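Colleague: Residue numbering for the sequence shown follows my numbering, starting at -11 and increasing by one per position.
The beta-carbon is built from N, C-alpha and C at its ideal position, and this holds for glycine as well.
Source: prediction; values computed, not measured.
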Amino acid sequence: MIPVNELVRGYRLYEEEYNEKAVSVLRSGWYILGKEVEAFEAEFAQALGEDCYCAGVDNGLNAIQLGLHACGIGPGDEVIVQANGYIATMLGITQNGGIPVFVEPDKYHNMDPDRIEAAITDKTKGVLVTHLYGQATRMEQIVAVCKKHNLMLFEDCAQSHFASYKGTNTGLFGDAGFFSFYPTKNLGCFGDGGGVVSRSKELIDKIKVLRNYGTDYKYHNIVPGFNSRLDEMQAGLLRVKLSHMGELLANRRKIAEAYLDGIHNPRIRMPEIVEGAVPIWYQFVINVEDQAGFRKYMLDHGVQTDVHFPTPPHLQPALAYLGHKEGDFPVAERDCKTVVSLPMMDYLSDDEIRTVIEVANAYEG
Ligand SMILES: *Cc1c(COP(=O)(O)O)cnc(C)c1O
């Protein structure tokens, strides 16, 4: 069977380097917030772009939560998000007492820039876009709307490490970019990890204080903070992976290009690429009418698939208190019922890629 993802393949690509790094961290005797974290923060920020800074944190959700908190998002503040995203994005808002306000996605599965203004109220404080599946949102219009209405602009980049739009990497368009280094992400570690990126050094310094109990120097606490630290082991392993990012991105691009060239089936809507965007293919997502039937067919023919994500956040029991019902966001709801993720990971053999293409092409619905 061809798995939809198999993390150990990514490990094996650079197995010796990972092992060496793990042992060196173990032998160092220093495990939380040290040289590896500092070095990773500097290297990641430098790889993303000029004049930006990074604070490593413990996971992607807390990157969002801390980042919004540091930017002043609090009780009753509305933040605009896309309706077809992942619930972590919304929880980063609700954990600060904020209210996620949903906007329908465009045909690229990202926030539809044309629909933002209609969602703005006098409580709106910011817009939080997610560059879903590894493709940048069309940003010019969003940047302009935020300027016009004096809103903060945030980016959930948990799926878009080094995905760019017109030459700029995601995470650098607004006030802050939030990253997850969860193992499945393109830049994933071997446990939990996350990061906040910003062009504002002041903001990043604030997050470095917040992530460590509000500590500015040892045993001195200037604000009530959190425990959201990135550990040395994950940071060290992330440095190894980051040093191979070019090859890893090329591996996924090769798989995506083969699918795009090879899959031609009128029952399958292929992903479209935003003009000016360079996707990193966190997921390769197609749309099919009969989601369950297609998935069963693929599995029967030895190809595992997945659905990102089957239920839109506004219909999750966890967010029922927001008062939404089925039919409120029909575009997002339809997307959830028709999206299917094909096998995409750090490495697939040519044979496996060929099989996915052949099986998908032979699907008759
Ligand atoms: C993975 C993910 C997150 C959360 O990251 P964790 O590290 O699992 O907390 C947030 N937003 C999006 C879009 C994600 O894909």
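In three-state DSSP terms, what is V333?
Modeller: Looking at the sequence provided, one finds Met at residue 333 rather than Val. Coil at M333, not helix or strand.
Colleague: Measuring alpha carbon to alpha carbon, tell me which residue in M221, Y351, I345 is nearest V16.
Modeller: For the sequence presented, residue 16 should be read as Ser rather than Val. The shortest Cα separation from S16 among M221, Y351, I345 belongs to M221.
Colleague: So, with DSSP's three-state summary, where would you put D102?
Modeller: In this structure, D102 counts as helix in the three-state DSSP scheme.
Colleague: Whole angstroms is fine: what's the gap from A27's alpha carbon to T203's?
Modeller: Distance between the alpha carbons of A27 and T203: 20 Å.
Colleague: With 16 other CB atoms within 10 Å as the buried threshold, where does Q53 fall?
Modeller: By the 10 Å Cβ count, Q53 comes out buried.
Colleague: Taking only the alpha-carbon atoms, compute the straight-line gap between M233 and I268 and give it to the nearest angstrom.
Modeller: So the alpha carbons of these two residues sit roughly 11 Å apart.
Colleague: Go ahead and pull the three-state DSSP assignment for F167.
Modeller: If DSSP states are grouped into helix, strand and coil, F167 belongs with the strands.
Colleague: Nearest by alpha-carbon distance to Y74: which of G290, D144, G64 is it?
Modeller: Here the closest residue by C-alpha is D144.
Colleague: Output needed for L237: all residues of its chain with C-beta closer than 8 Å, excluding positions within five of it in sequence on either side, in chain order.
Modeller: Taken in chain order, the residues that qualify are F150, N174, I268.
Colleague: Let me make sure I understand the geometry here. Which of C40, G48, Y41, G85 has the alpha-carbon closest to that of G368?
Modeller: This structure gives no information on residue 368, because the portion of the chain shown stretches from -11 to 353.
Colleague: With the cut-off set at 9 Å, would you say L36 and G159 are in Cβ contact?
Modeller: Yes, they are a contact pair.
Colleague: In this structure, how does DSSP classify F272 when only helix, strand and coil are distinguished?
Modeller: Reduced to three states, the DSSP call for F272 is strand.
Colleague: Would the beta-carbon of V344 fall within 9 Å of that of L336?
Modeller: In contact: V344 and L336 (Cβ atoms closer than 9 Å).
Colleague: I think N172 touches N(-7), with their Cβ atoms under 8 Å apart; what is that distance to the nearest whole Å?
Modeller: In the sequence on display, residue 172 carries Thr and not Asn. Their Cβ separation, rounded to whole angstroms, is 6 Å, which keeps T172 and N(-7) in contact under 8 Å.
Colleague: Could you tell me the distance, in whole angstroms, from the CA atom of L310 to the CA atom of I195?
Modeller: The straight-line gap from Cα to Cα measures roughly 29 Å.
Colleague: Following a CB-centred definition, is D288 positioned closer than 8 Å to any heavy atom of ligand 1?
Modeller: No, ligand 1 has no heavy atom inside 8 Å of this Cβ.
Colleague: What does DSSP give as the partner residue(s) for L141 in the beta ladder?
Modeller: DSSP, once it has assigned bridges, lists V115 as partnering L141.
Colleague: To the nearest angstrom, how far is it from the Cα of E321 to the Cα of N98?
Modeller: Cα-Cα distance, rounded: 14 Å.
Colleague: Can you give the Cα-Cα distance for H302 and L21, rounded to whole angstroms?
Modeller: Spanning the two alpha carbons is a distance of roughly 37 Å.
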